[in-house]
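Below you'll find the structure, written out as structure tokens, and then a few comments.
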Amino acid sequence: MTIARAVAVAMLALLALAPSLPMGGYKEYALHVMIQILIWSFIGGAWSLMGRFGLVSLGHGAFLGLGAYTTTLLWNFWGVSPWAGALVTVVLTIALALVIAYPCSRFQVVGHYFALVTLAFGEVIRLLIIAERDWTGGSLGVSLKPAGGDSLLALQFANKRVFYYGALVLWLAGLYVWHRLDRSMARSAMEAIGEDETAAASVGIHVSRFKMGITVLSAVLTAIGGVAYAQYISYVNPDTLAGIGVSLRIVFAVVLGGMYTLLGPTVGTALTIALAEYLRIAFGLRFIGMAETIYGLLLIVIIIFLPSGIYGSVRDLFVRRRPEAAPARAAA
Amino acid sequence: MIDPIFLLEAAINGIMLGGILALLALGLNLIFGVIDIVWIAYVDLVMLCMYAAYFAIQVYGWPVWLGGLAAVALGAVLGVGVHLLIITPILGSAPVNQLLATGGLLFFLQSFATFLWTTDHKSVRLSLPSWEFAGIFLPLTRVIPFAISIIAVVALYLFLTRTFIGTAIRAVSQDRDAMALMGANPQRIYIVTSAVGGLMAGLAGALLVFQYSVHPFFGGQFGPLTFMICVLGGLGNMVGAFVAAFIMSEIIAVAGVVWSTEMGYVIAFVVFIVMIFARPGGILARRG
């Protein structure tokens, strides 16, 4: 057993036992923060599946909002279980992702253009949610109808522990998908496409199939993250779950952590959420906006001084100190 | 059925708005064309300039023209400041980092404005008469800004085509490496470009403050729209951006009257997405 594996097992054990640790009166709050970190890390990981290959999407809020609103509205209006709702969401998300991904790969929309097309797309979904206010409650958002007590069918639980373990499983599943992709041939193909589409096509890589596949995968996982978050918070709002703000937040967290590593999105998300929570508590209601101001300022500073992300920069430092580690890993 | 007079009035309002959107799109497009970075926070600079005009005119009682000039000057200063403080260090970074650095600026400006001035909507009240033709009202608070923005667009065109530094700016946007080889100093051209881009933002802010109330999240109203106009016209293509500004503002104004404001934006954004696929290089680009 290598040291890395032992550390991983120890961390997992700690995460699994976390709800049972004595934390005094802070337990509920600590669990709340942990659940948020796990769900948003999962979403960040889903984004990085695309982002690491140069497909920088600024419209992932669209998929997040689609997932959250579909299950919430199906449950509120027709009492459809979120499990069935999630299936509907997945089908809708695949359709929506293809609507964007097919033309984008067909017409070679890349780089700045891709970012701006996805940004427009995210805004379309946010504005549609606001415009259909008879259904969605407009910009006021809508609350999940209570099922009256714990219910596995309705995915509603009074105890935060249940959500914690659910989020933990979701997060691990996200890491597994990331790892599988990282080890697959698709990764090499996608990297080639990210470098030069024409060259990739010339060596027989089916460019549009790979790009559409990775977009659909990333979108579906993001939508599932949206379902999970909506079930936990039991309130959906177009500004927190769709549009440019939340899309930028996802990208920030991932880039902050470093998008080329397995745990980069998690590290970035944990840091941004911890920072936001700390600033929120430190300033409270005294200086409205101050917490966000410092948050924005720190983001600029970090982007300027740590271009490959916090986790990535630390790891680079480590790898540069011991250059012999790199070939050993490649041979394994 | 909607009264055709209303539709005509909406169409005319669309043209008026189009003039100001053209200013914004040209400013952003100039910066993108020359420096190759999209300022996500561009319209938030406009928001700051609107606040400057509001405070100068409404709170300190400056004359309208002086308040407007102050906003324009602030825009130019902000443009240079953003370039020196944020853009210069990341000129060689990955594109996603460049987007995010200005995205961080967006968060910073929005929340700092919230901190300083709260989220109250503030507006400058001017009582100017309206012109009336055959039942259509044309408020002068829209006609005068439209006229000024068209003059500014023409001035920008003359600056870029008839002056030495303007020619140098266009040359850099065509081939940045070749210009450096010719002995031009890119940093100086970048600063002038950022100043001109900021100036356009300041002017747009000074004109918008008479029609819209300003609040910290004003950028969300026009920001995405401005990027879309730039892409629709072809990033870096000035004439295209000018035409695209009027197309988008017409769609928003007319569809906003026929359905609702949100649907107006939705239709405009859908048109944008479709146009990107139909003409990836912008509406005026030749088909490859």
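These protein sequences, in sequence, are chains V and R.
880 is the number that our numbering gives to position 208 of the first sequence; each next residue is one higher, with no gaps.
355 is the number that our numbering gives to position 215 of the second sequence; each next residue is one higher, with no gaps.
Don't be surprised by glycine CBs; every beta carbon is placed ideally from N, CA and C.
Values in this document were obtained by computation on a predicted structure and should not be read as measured data.
Neighbour flag for residue i against chain V, beta carbons, 8 Å
{"i": "ARG427(R)", "result": "With a pLDDT of only 46 at ARG427(R), under 50, the local geometry of the prediction cannot be trusted, and no value is derived from it."}
{"i": "TYR405(R)", "result": "yes"}
{"i": "ILE128(R)", "result": "Examination of residue 128(R) is not possible in this model, given that chain R is present from 141 through 428 alone."}
{"i": "THR333(R)", "result": "no"}
{"i": "ILE329(R)", "result": "no"}
{"i": "LEU169(R)", "result": "It is worth fixing the name first, because residue 169(R) is Asn in this sequence and not Leu. Not closer than 8 Å to any Cβ of chain V, the Cβ of ASN169(R) fails to qualify, so no."}
{"i": "ILE290(R)", "result": "no"}
{"i": "PRO235(R)", "result": "yes"}
{"i": "SER251(R)", "result": "yes"}
{"i": "GLU390(R)", "result": "no"}
{"i": "PHE255(R)", "result": "yes"}
{"i": "THR258(R)", "result": "yes"}
{"i": "PRO144(R)", "result": "no"}
{"i": "GLU402(R)", "result": "yes"}
{"i": "VAL371(R)", "result": "yes"}
Partner residues on chain R for residue i, Cβ-Cβ distance less than 7 Å
{"i": "ALA792(V)", "result": "PRO364, MET368, PHE409, PHE412 and ILE413"}
{"i": "TYR983(V)", "result": "Neighbours of TYR983(V) on chain R: none; closest Cβ ~15 Å, over 7 Å."}
{"i": "GLU867(V)", "result": "Ordered by position in chain R, no residue passes the 7 Å Cβ test against GLU867(V), which lies about 13 Å from the chain."}
Contacts of residue i in chain R (Cβ-Cβ under 9 Å)
{"i": "PRO910(V)", "result": "None at all; the shortest Cβ gap to chain R is about 10 Å."}
{"i": "TYR698(V)", "result": "The premise fails here: TYR698(V) is roughly 27 Å from chain R at the closest Cβ pair, so nothing lies under 9 Å."}
Close-in-space but distant-in-sequence residues of the same chain around residue i (CB under 6 Å, 5 per side omitted)
{"i": "ALA891(V)", "result": "PHE735, THR765 and ALA769"}
{"i": "SER720(V)", "result": "VAL926, MET931 and PRO937"}
{"i": "ALA787(V)", "result": "VAL728 and LEU730"}
{"i": "GLY359(R)", "result": "VAL183, ASP184 and MET187"}
{"i": "GLY428(R)", "result": "Annotation note: pLDDT 40 at GLY428(R) (below 50); position unreliable, coordinate value reported separately. For GLY428(R), where only same-chain residues beyond five positions count, there are no Cβ hits under 6 Å."}
{"i": "GLN828(V)", "result": "ALA819"}
{"i": "LEU164(R)", "result": "ALA344 and THR366"}
{"i": "PHE304(R)", "result": "none"}
Range of the contiguous beta strand (DSSP E) that encloses residue i
{"i": "SER692(V)", "result": "From DSSP, SER692(V) is part of no beta strand (DSSP E); its letter is neither H nor E."}
{"i": "PRO279(R)", "result": "276 to 279"}
{"i": "SER777(V)", "result": "Looking at the DSSP string, SER777(V) is not in any beta strand (DSSP E); the run it does join, the alpha helix (DSSP H), is 754 to 778."}
{"i": "PHE273(R)", "result": "270 to 273"}
Contact belief for residue i with residue j at Cβ below 8 Å, rounded distance in angstroms
{"i": "GLY421(R)", "j": "GLY374(R)", "result": "6 Å"}
{"i": "ALA718(V)", "j": "ALA902(V)", "result": "Contact flag wrong, Cβ pair sits at about 16 Å."}
{"i": "ALA680(V)", "j": "PRO754(V)", "result": "Not confirmed; about 31 Å, so no contact."}
{"i": "GLY342(R)", "j": "VAL212(R)", "result": "4 Å"}
{"i": "ALA181(R)", "j": "LEU249(R)", "result": "6 Å"}
Neighbour flag for residue i against chain R, beta carbons, 8 Å
{"i": "LEU800(V)", "result": "yes"}
{"i": "ALA1003(V)", "result": "Because the pLDDT of ALA1003(V) is 37, which lies under 50, any placement of that residue in the model is unreliable, and the question is left without a value."}
{"i": "LEU920(V)", "result": "yes"}
{"i": "VAL789(V)", "result": "yes"}
{"i": "GLY701(V)", "result": "Strictly speaking, residue 701(V) in this sequence is Tyr, with Gly absent from that position. It does not: the Cβ of TYR701(V) has no partner Cβ on chain R nearer than 8 Å."}
{"i": "HIS784(V)", "result": "yes"}
{"i": "MET962(V)", "result": "yes"}
{"i": "ILE916(V)", "result": "yes"}
{"i": "ALA997(V)", "result": "In this predicted model, ALA997(V) has a pLDDT of only 42, less than 50, meaning its place in the structure is not dependable; the value taken from the coordinates is given anyway. Chain R contact via Cβ: absent."}
{"i": "ALA723(V)", "result": "This sequence places Gly at residue 723(V); Ala is not what is there. It does: the Cβ of GLY723(V) has a partner Cβ on chain R nearer than 8 Å."}
{"i": "VAL796(V)", "result": "yes"}
{"i": "PHE959(V)", "result": "yes"}
Chain-order list of residues whose beta-carbon lies under 8 Å from that of residue i (same chain, five-residue window excluded)
{"i": "SER267(R)", "result": "none"}
{"i": "VAL955(V)", "result": "One point to set straight first is that residue 955(V) is Phe, not Val, in the sequence displayed. So the list reads MET962 and ALA963, once near-sequence residues are dropped."}
{"i": "ASP854(V)", "result": "LEU934"}
Alpha helix (DSSP H) segment containing residue i, residue limits
{"i": "GLU804(V)", "result": "Segment: none, GLU804(V) is in no alpha helix (DSSP H) and carries neither H nor E."}
{"i": "PHE955(V)", "result": "936 to 955"}
{"i": "ILE152(R)", "result": "144 to 175"}
{"i": "LEU218(R)", "result": "204 to 222"}
{"i": "PHE725(V)", "result": "Careful: PHE725(V) lies outside any alpha helix (DSSP H) and carries neither H nor E."}
{"i": "SER313(R)", "result": "304 to 314"}
{"i": "LYS832(V)", "result": "832 to 854"}
{"i": "HIS732(V)", "result": "732 to 750"}
{"i": "MET403(R)", "result": "401 to 418"}
{"i": "ASN237(R)", "result": "235 to 257"}
Neighbourhood of residue i by C-beta, 7 Å cutoff - its chain only, sequence neighbours within 5 removed
{"i": "LEU971(V)", "result": "PHE924"}
{"i": "TYR405(R)", "result": "ILE392"}
{"i": "MET378(R)", "result": "LEU166 and ASN169"}
{"i": "TYR836(V)", "result": "PRO691, LEU703, MET706 and ILE707"}
{"i": "VAL349(R)", "result": "MET190, ALA193, TYR194 and VAL264"}
{"i": "LEU684(V)", "result": "none"}
Per-residue contacts from residue i into chain V (C-beta, under 7 Å)
{"i": "PHE248(R)", "result": "THR965, GLY968, LEU969 and ILE972"}
{"i": "GLY244(R)", "result": "GLY968, LEU971, ILE972 and ILE975"}
{"i": "PHE417(R)", "result": "PRO775 and PHE779"}
{"i": "VAL178(R)", "result": "HIS784"}
Contact list for residue i against chain R, beta-carbon separation under 8 Å
{"i": "VAL1087(V)", "result": "What is shown of chain V runs 673 to 1004, which leaves residue 1087(V) out entirely."}
{"i": "VAL728(V)", "result": "PRO235, VAL236 and LEU239"}
Under 9 Å by beta carbon: chain V residues contacting residue i
{"i": "LEU437(R)", "result": "Outside the displayed range of chain R (141 to 428) lies residue 437(R), so it cannot be described from this structure."}
Contact set between residue i and chain V, taken where Cβ atoms lie within less than 8 Å
{"i": "ILE230(R)", "result": "ILE975, ILE976 and PRO979"}
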